[in-house]
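Visitor: To start, I am sharing the structure in question, which I have written as structure tokens.
2 protein chains.
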Amino acid sequence: MGFTPRRFLGAKPPKASLLLPFLLPVLLVGGQGDENAALNNVVTERMAEESHRQDSAYLLIFIMLLTLTILTIWLFKHRRFRFLHETGLAMIYGLLVGVILRFGIHVPQSMNDVVLECAVNASPATLLVNVSGRFYEYTLKGEVSRGTDQQVQDDEMLRKVTFDPEVFFNILLPPIIFHAGYSLKRRHFFRNIGSILAYAFMGTVISCFVIGLIMYGFVSFMKVVGQLGGDFFFTDCLFFGAIVSATDPVTVLAIFNELKVDVDLYALLFGESVLNDAVAIVLSSSIVAYQPAGDNSHSFEAMAVLKSFGIFLGVFSGSFSLGVATGVMTALVTKFTKLRDFPLLETGLFFLMSWSTFLLAEACGMTGVVAVLFCGITQAHYTYNNLSRDSQDRTKQLFELLNFLAENFIFSYMGLTLFSFQSHVFNPMFIIGAFLAVFLGRAANIYPLSFLLNLGRRNKIGMNFQHVMMFAGLRGAMTFALSIRDTATYARQMMFSTTLLIVFFTVWICGGGTTPMLSFMSIPVGVDSDQEHSSSAVLDGSQRRSTKHESAWPFRIWYNFDHNYLKPLLTHSGPPLTATLPACCGPLARCLTSPQAYENEGPLRDDDSDFILNDANVSSMYADVTVSTDASGSRTINPKHSGAGPFSDSRDGELDPAERDVAIRGTRLVLPMDDPVEPPTTVTLPPPPSPPLSEPHRHRL
Amino acid sequence: MGFTPRRFLGAKPPKASLLLPFLLPVLLVGGQGDENAALNNVVTERMAEESHRQDSAYLLIFIMLLTLTILTIWLFKHRRFRFLHETGLAMIYGLLVGVILRFGIHVPQSMNDVVLECAVNASPATLLVNVSGRFYEYTLKGEVSRGTDQQVQDDEMLRKVTFDPEVFFNILLPPIIFHAGYSLKRRHFFRNIGSILAYAFMGTVISCFVIGLIMYGFVSFMKVVGQLGGDFFFTDCLFFGAIVSATDPVTVLAIFNELKVDVDLYALLFGESVLNDAVAIVLSSSIVAYQPAGDNSHSFEAMAVLKSFGIFLGVFSGSFSLGVATGVMTALVTKFTKLRDFPLLETGLFFLMSWSTFLLAEACGMTGVVAVLFCGITQAHYTYNNLSRDSQDRTKQLFELLNFLAENFIFSYMGLTLFSFQSHVFNPMFIIGAFLAVFLGRAANIYPLSFLLNLGRRNKIGMNFQHVMMFAGLRGAMTFALSIRDTATYARQMMFSTTLLIVFFTVWICGGGTTPMLSFMSIPVGVDSDQEHSSSAVLDGSQRRSTKHESAWPFRIWYNFDHNYLKPLLTHSGPPLTATLPACCGPLARCLTSPQAYENEGPLRDDDSDFILNDANVSSMYADVTVSTDASGSRTINPKHSGAGPFSDSRDGELDPAERDVAIRGTRLVLPMDDPVEPPTTVTLPPPPSPPLSEPHRHRL
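Heads up: the sequence lines are chains A and B, in that order.
Here the first sequence is numbered in my numbering, starting from 231 and rising by one per residue.
Here the second sequence is numbered in my numbering, starting from 231 and rising by one per residue.
Now the structure itself:
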């Protein structure tokens with residue numbers, strides 16, 4: 231038991247005599263024997279207390295960092311300082327704290343526990359230690375560089391600050407991605423869905439391989455020159471390609487949403503970045519899974535190619551369906567229970583169900599990011615309409631706050647890691663190669679694909695858009711999370727260090743340079759998507775014509791299906807299922823249709839139906855349902871909202887009076903009504919439910 | 231390296247061939263050497279993946295549990311089923327899941343990592359393992375009972391589910407306690423502050439010693455009979471007394487708030503339970519700190535008694551001041567920055583500052599619970615008035631939700647622990663003794679103290695109140711958290727198991743029996759504190775007379791100070807400091823007074839000034855300030871609120887129309903105005919800012 235004496239070296243017992251007054255009766259009654267065992271007890275207790283105090287202090291550092299970031303963000307906003315984005319700012323603060331922790335603070339020896347050495351021949355994840363007949367379990371923390379004792383103590387502190395990457399995946403990422411889906415401008419997203427899928431899937435794969443091949447060249451060269459300090463295989467190069475190919479929705483969302491750039495450009499960049507995160511995750515885990523087969527790498531079959539492609543699709547579509555399924559389930563629960571009477575319960579349920587999507591997908595071996603993204607979209611499309619007004623506000627605000635905090639936490643943590651992570655491998659050649667590869671990989675993604683897409687698109691992606699997409703392919707939270715997940719080997723450590731630098735560079739330089747870049751490329755900023763939207767509802771100019779081809783038959787079928795079956799099934803909106811389902815399903819339909827659907831046959835009009843509605847060709851299709859003025863039967867309209875115009879609470883929450891005029895005119899569009907069954911009661915569209923989007927001036931503050 | 235082959239036993243690589251299509255060019259370019267190292271890489275990566283999947287699954291279990299709880303709570307509320315409280319319900323679900331995990335699920339061998347044995351002669355917290363020249367660090371997880379291999383794997387799973395108690399202290403408790411402070415009905419709390427302090431401080435110490443002595447008797451008897459399987463010292467008995475003496479604010483708040491019981495009874499029970507948590511923490515850590523001095527326990531001095539009493543006070547008042555200081559800092563920041571233009575930033579800051587109080591206190595060795603409680607009270611009293619309307623709503627709702635989730639999580643976790651915790655020691659004699667001791671300890675707290683307090687109180691604490699206080703001394707989250715914190719020794723394990731049973735019993739039996747108990751004691755439920763409040767403003771009956779003596783001179787001095795200096799300094803309310811501070815401080819006062827204070831000289835009237843205001847004797851004191859109709863200058867009044875009566879958004883959010891009438895009449899109370907400096911512009915009191923209280927019908931849903 232060589233460790234007990236050292237523990238007391240500097241740990242002054244501050245409350246040692248604290249109990250004396252209370253112990254007075256005791257001491258008179260009689261003292262205790264076996265002081266030794268009691269001492270042991272105290273040691274464990276005090277260890278727990280000390281460790282608790284340290285944990286609190288480390289957590290406090292992050293909280294303080296975030297507080298500082300918030301105050302500085304406010305100062306920047308207040309002074310209209312635009313050159314450094316808040317994510318970049320969070321990183322800088324993180325860096326500073328990292329420097330202080332690394333070089334400024336030395337943990338006193340006595341505060342930590344003593345280290346024993348035990349020479350075995352393997353490093354399993356779990357270790358059982360036999361101490362005079364009792365077994366204690368130990369878990370692997372990681373490799374340490376053996377230095378002086380002081381070194382070990384400091385390392386201990388730094389490692390505690392560099393917390394478990396699992397926290398990223400299970401706690402910090404879900405709210406960010408969910409918020410992205412929940413507040414997605416679905417109309418613009420779906421209008422560009424083809425291009426987005428092309429960039430996200432094909433583009434990421436291209437980029438991954440371009441980067442992988444370039445890095446393989448560099449690494450081979452480094453091996454020849456003798457600059458490589460460890461193994462670096464081709465699969466490692468590909469893995470690196472996969473993790474740095476993912477562009478970041480967090481940063482893109484932050485910068486472009488604030489600048490209010492052209493909605494199509496925004497949709498392309500954001501859509502790509504959300505989906506390619508998912509692609510990068512699936513790709514990188516495929517590469518890892520492929521590695522053990524490396525020993526028989528020459529036995530190659532055509533079947534395997536097909537099969538693996540199938541698995542790739544399976545993982546993606548599995549995650550997709552999981553996300554949608556949870557969303558639908560939440561919609562059903564909120565529709566058929568009267569949970570809306572208790573907004574707190576409702577919000578709690580909504581929050582838990584949405585989070586469980588992520589965990590469920592991860593637990594099933596799917597990708598939680600994809601699942602939670604589509605869950606968010608489904609929740610916004612269906613469940614949101616079932617929620618009470620109170621819960622609608624609560625969920626919006628809750629996820630906005632969570633997103634904000636998680637985002638800033640991740641970025642300040644990134645800054646911190648540069649100094650607190652202990653196994654950095656900075657290799658100048660590798661870093662130069664990586665920057666070159668990332669640049670070329672992005673170019674090989676954007677330009678050829680844009681060329682191909684422009685062949686099919688009416689609404690061409692201009693060269694200036696392409697340059698901006700090239701420039702704004704920022705790397706961020708996901709790249710970081712993927713690279714920190716495993717830093718056991720030399721190759722992974724070098725990747726992690728390089729990735730960190732790439733993230734810093736793109737967020738600071740490319741992120742900060744986005745505004746100048748946009749004005750240089752003469753792309754207008756400050757475009758209000760509402761204005762664009764509402765004017766397109768009035769005019770039937772060339773722009774809408776061009777979208778017609780993209781919102782072609784698959785979308786019409788979808789819209790019809792959604793409008794006639796899904797919305798009535800999952801929400802309180804009409805038309806009642808009894809009217810749309812064939813007669814044989816009558817009893818079931820009556821059972822599933824909510825009483826409100828009968829009074830309230832107008833559809834809950836919102837985003838992604840808009841773009842079809844606005845298409846002249848589709849308006850005839852729309853006429854097969856009657857439209858009533860009152861869609862509010864299913865919702866308790868709060869006095870604060872009911873007074874305003876139909877668009878007052880629409881997509882982006884607030885419109886200038888002038889714009890509102892346009893918007894109101896826009897919705898007064900008279901649709902041809904030729905439904906013979908039920909005479910149209912009115913031609914004014916019902917007030918749309920407010921979609922869960924944050925108001926523009928608050929969104930990124 | 232005897233562990234690699236076993237790891238692959240059952241872990242089918244599902245994505246092994248996933249990468250093949252992408253690897254096609256690679257394979258043509260050329261394969262890799264050194265398969266072994268690559269294999270190692272893969273093993274680490276796959277371990278990380280597997281562990282991630284497990285973590286997700288475990289977290290998912292809790293999320294599902296909570297979801298289920300929410301749905302059942304809704305069902306209970308919907309069907310007006312009252313016999314089982316939701317906290318009890320959460321525990322039952324936790325129990326069920328615990329049973330399933332314990333007996334139903336066996337983790338396949340291959341999913342876990344292999345265990346190595348290493349015989350050393352101590353069990354330090356950190357272990358360095360030398361694996362062929364590289365050092366790996368391991369941390370202590372705890373003692374395991376050495377069984378079959380299957381046993382170890384299952385234990386691993388159960389231990390993963392039984393997560394770190396630190397999570398309770400740093401993540402789950404702060405929001406609950408903060409919410410308690412933030413939504414505290416300060417008027418009732420401060421009206422009974424003397425009695426609350428007596429119950430909380432003296433009562434808890436009495437109870438601790440009564441329980442400790444009784445348990446010492448039982449333990450001694452058990453030792454004689456031979457029923458004791460390990461050491462159990464007198465300090466352990468006292469420690470047990472300390473942890474089970476704390477009554478639980480969570481459960482009390484939950485049950486009594488919902489029943490709308492008499493406000494004084496509620497204030498007594500709630501105030502006691504919040505403060506005695508803090509007392510219990512300080513007491514138990516004192517007992518632990520005292521233990522090492524056990525070897526020279528007979529050297530007893532009068533100085534030491536004084537000193538330890540001083541330290542006790544120091545810890546308590548240190549925590550108190552830390553909490554208040556953070557609250558004041560937040561108030562200053564929100565007052566002097568224009569953060570209110572960005573509600574998201576404001577809410578974020580508010581949230582982070584409040585949380586940091588807890589961590590700061592813990593890191594300084596103070597008690598975070600006390601700090602965060604008083605921080606919450608300060609935030610509600612000052613900062614809340616500076617926030618934008620949007621942030622006021624957001625913070626209210628955010629903490630309400632966090633509180634709800636954390637609370638239910640803790641209770642379902644408690645249920646789970648009964649089966650997932652692996653070192654239970656259930657000793658029937660000890661358990662019987664503990665139940666008896668807890669009962670007698672509570673009686674020794676309530677009845678003698680009530681008798682003494684009634685000698686001084688005008689508003690007597692009736693025998694029926696005393697019986698209810700006796701009965702509703704539920705043990706809950708804090709008792710559980712304190713007992714799970716250290717379960718290393720036999721004594722602690724037995725304490726933990728017994729504590730768990732006590733918590734179950736009190737929450738299920740006493741909690742469920744509260745409603746019958748109240749009606750049996752003929753204590754009215756469904757009392758609206760607003761009604762009571764507003765009628766007391768109209769009538770000057772005997773009840774108000776009786777409170778006069780409790781709101782005596784210390785409170786008047788405090789009120790004056792608060793109203794003339796603190797409120798103008800920390801919020802935008804008047805009177806301006808330039809008027810209240812002596813002339814010599816002119817420049818400073820001008821600097822600190824917000825421009826709104828000049829226009830807006832009416833105080834922001836709220837809860838804890840009310841009880842003085844309502845006292846007839848004090849109204850003359852109140853007259854030394856002018857009252858203006860408009861207190862809204864400092865707040866952007868949202869259209870949704872501005873239309874309603876002055877009380878529409880008051881303490882409890884919603885009043886029936888009839889009650890609102892009374893309330894309005896209540897505030898039209900004409901105060902004698904005899905301030906010669908500024909003529910009173912009107913006699914109607916300004917609309918009070920809505921205090922951050924949850925609406926009654928939503929609060930505990």
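Every residue gets a Cβ at the ideal spot worked out from N, C-alpha and C, and that includes glycine.
Just so it is clear, the structure is predicted and the values come from calculations on it, not from any experiment.
Where does B:Gln457 fall in DSSP's three states?
Guide: Coil.
Visitor: Apart from the five residues on each side of it in sequence, which residues of its chain come closer than 8 Å, Cβ to Cβ, to A:Ser184?
Guide: With chain A covering only 231 through 931, there is no way to say anything about residue 184 of chain A.
Visitor: Determine, using beta carbons only, whether B:Asn794 and B:Thr810 come nearer to each other than 7 Å.
Guide: It is a contact, given that the beta carbons lie within the stated cut-off.
Visitor: For A:Arg624, count neighbouring Cβ atoms within 10 angstroms of its own Cβ and tell me buried if that reaches 16, exposed if not.
Guide: Per the 10 Å Cβ criterion, buried.
Visitor: Thinking C-alpha only, which one of A:Gly663, A:Leu800, A:Ser503, A:Thr736 is nearest A:His315?
Guide: Out of A:Gly663, A:Leu800, A:Ser503, A:Thr736, A:Thr736 has the C-alpha closest to the C-alpha of A:His315.
Visitor: Who are the near neighbours of B:Tyr412 in its chain, counting only those whose CB is closer than 7 Å to its CB and skipping five residues on each side?
Guide: These residues qualify, in order along the chain: Gly606, Gln609, Ala610, Phe629, Pro922.
Visitor: Report the rounded CA-to-CA distance for B:Phe419 versus A:Leu319, giving the unit in angstroms.
Guide: Roughly 43 Å between the two C-alpha positions.
Visitor: How is B:Gln652 classed by DSSP in three states: helix, strand or coil?
Guide: Looking at B:Gln652 - three-state DSSP - the assignment turns out to be coil, as it is neither helix nor strand.
Visitor: Taking 7 Å as the threshold (C-beta atoms), are A:Val545 and A:Phe604 in contact?
Guide: No, the Cβ-Cβ distance between A:Phe604 and A:Val545 is not below 7 Å.
Visitor: Please list, in chain order, all residues of the same chain as B:Phe464 whose beta carbon is under 8 Å from its beta carbon, the five residues on each side excluded.
Guide: Excluding residues within five positions, the ones whose Cβ falls inside 8 Å are Gly442, Tyr446.
Visitor: Please tell me whether B:Glu592 has its Cβ less than 7 Å away from any Cβ of chain A.
Guide: Yes, its Cβ sits closer than 7 Å to a Cβ of chain A.
Visitor: Answer yes if the region 632–641 of chain B comes into contact with the region 420–430 of chain B, meaning at least three C-beta pairs across the two stretches below 8 Å, and no otherwise.
Guide: Touching, no.
Visitor: If we define contact as Cβ-Cβ less than 7 Å, is B:Ile444 a contact residue for chain A?
Guide: Answer no: the Cβ-Cβ gap between B:Ile444 and chain A never drops below 7 Å.
Visitor: What residues from the region 622–646 of chain A come within 9 Å of chain B, judged by C-beta to C-beta, listed N to C?
Guide: Residues passing the 9 Å Cβ filter: Asp623, Arg624, Gln627, Leu628, Glu630, Leu631, Phe634, Leu635, Asn638.
Visitor: Cβ closer than 7 Å: which chain A residues qualify as neighbours of B:Ser450?
Guide: Under the 7 Å cutoff, chain A gives no residues; its nearest Cβ is about 11 Å from B:Ser450.
Visitor: Quick check on B:Met596: does DSSP put it in helix, strand or coil?
Guide: Reduced to three states, the DSSP call for B:Met596 is coil.
Visitor: Determine the burial state of B:Arg688: buried for a count of at least 16 other Cβ atoms within 10 Å of its Cβ, exposed for fewer.
Guide: The residue in question, B:Arg688, is exposed, as its Cβ has fewer than 16 Cβ neighbours within 10 Å.
Visitor: Does the beta carbon of A:Ala508 come closer than 7 Å to any beta carbon on chain B?
Guide: For A:Ala508, the answer is no, since every Cβ of chain B falls outside 7 Å of its Cβ.
Visitor: Are the Cβ atoms of B:Val449 and B:Phe462 separated by less than 7 Å?
Guide: A contact, by the Cβ cut-off of 7 Å.
Visitor: Please report the distance separating the alpha-carbon of A:Ile485 from that of A:Gly741.
Guide: A:Ile485 and A:Gly741: Cα-Cα distance of roughly 7 Å.
Visitor: Could you check whether the Cβ of B:Ala287 sits closer than 7 Å to any Cβ belonging to chain A?
Guide: At least one chain A Cβ lies under 7 Å of B:Ala287.
Visitor: Does the beta carbon of B:Pro887 sit closer than 7 Å to a beta carbon anywhere in chain A?
Guide: In this prediction, B:Pro887 has a pLDDT of 39, which is less than 50 and means its spatial position is unreliable; what the coordinates show is noted afterwards. Taking Cβ atoms only, chain A never reaches closer than 7 Å to B:Pro887, which makes this a no.
Visitor: Rounding to the nearest angstrom, what Cα-Cα distance links B:Ile426 and A:Arg722 in this structure?
Guide: Looking at the two C-alpha atoms, the distance is approximately 59 Å.
Visitor: Between the region 557–572 of chain B and chain A, which residues of the former have a C-beta closer than 7 Å to a C-beta of the latter?
Guide: Of all residues in the region 557–572 of chain B, Thr567, Lys568, Leu569, Phe572 have a Cβ within less than 7 Å of some Cβ in chain A.
Visitor: Where do the N-terminal and C-terminal ends of the alpha helix (DSSP H) with B:Ile485 fall, by residue?
Guide: Segment 479–489, the alpha helix (DSSP H) holding B:Ile485.
Visitor: For A:Asn400, return the contacting residues in chain B, with the cut-off set at a CB-CB distance below 9 Å.
Guide: The contacting residues are His282, Asp285, Ser286, Leu289.
Visitor: Which bits of chain A does B:Met432 rub up against, with CB to CB less than 7 Å?
Guide: Simply none; closest approach about 12 Å.
Visitor: Report yes or no: is there a C-beta of chain A within less than 7 Å of the C-beta of B:Gly553?
Guide: Not closer than 7 Å to any Cβ of chain A, the Cβ of B:Gly553 fails to qualify, so no.
Visitor: Check whether the Cβ atoms of A:Met725 and A:Phe470 lie closer than 7 Å to each other.
Guide: A contact, by the Cβ cut-off of 7 Å.
Visitor: Just to confirm before moving on: does the CB-CB distance between A:Ile661 and A:Thr728 stay below 7 Å?
Guide: Yes. Within cutoff.
Visitor: In whole angstroms, what is the alpha-carbon distance linking B:Ala430 and B:Ser503?
Guide: Computed Cα separation, rounded: 7 Å.
Visitor: Taking C-beta to C-beta, are A:Ala591 and A:Ala601 nearer than 7 Å?
Guide: Yes.
Visitor: Would you call B:Arg310 buried or exposed, if buried means 16 or more other Cβ atoms sit within 10 Å of its Cβ?
Guide: Label assigned to B:Arg310: exposed.
Visitor: Using a C-beta to C-beta distance shorter than 7 Å, which residues of chain A count as neighbours of B:Lys307?
Guide: Within chain A, the residues near B:Lys307 are Phe572.
Visitor: So that I know if they touch, is there some Cβ in chain A lying closer than 7 Å to that of B:Gly663?
Guide: It does not: the Cβ of B:Gly663 has no partner Cβ on chain A nearer than 7 Å.
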